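All residue numbers for the sequence shown refer to our numbering, where the first residue is 1 and numbers rise by one.
Worksheet for the structure shown next.
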Amino acid sequence: MKWNEVGIMSVLGENLTPDLKPSIENALHINIYKKNRDITAIVHAHPVFASSFTAMNVQINYLPDC
Numbered sequence: 001m002k003w004n005e006v007g008i009m010s011v012l013g014e015n016l017t018p019d020l021k022p023s024i025e026n027a028l029h030i031n032i033y034k035k036n037r038d039i040t041a042i043v044h045a046h047p048v049f050a051s052s053f054t055a056m057n058v059q060i061n062y063l064p065d066c
């Protein structure tokens, strides 16, 4: 992914990158901002491996830092 492929939305829901289509979950992200004033950014991504696990319905186990 390149810098010009990153969509940007305002906290009011305005698409600041009109050449890119916003995520269908943008309303969810905006509500997170509204309910949690300490959150200043949300990164929405679909990493290939994580998406593959989801498609195969395989659980990703959390490994705490040692």
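A virtual CB, placed ideally from N, CA and C, is assigned to each residue, including glycine.
These numbers were taken from a predicted model, which means no experiment stands behind them.
- At a Cβ-Cβ threshold of 8 Å, Ile30 and Gly7 do not count as neighbours.
- For Asn31, the secondary structure class from DSSP, reduced to helix, strand or coil, is helix.
- Cβ-Cβ distances below 8 Å link Ser23 to Gly7, His29 and His44 in the same chain, with the five nearest sequence neighbours on each side left out; the list follows chain order.
- In the three-state reduction of the DSSP assignment, Asn15 falls in the strand class, which pools E and B.
- By the neighbour-count criterion, in which a residue is buried when 16 or more other Cβ atoms sit within 10 angstroms of its Cβ, Met56 is exposed.
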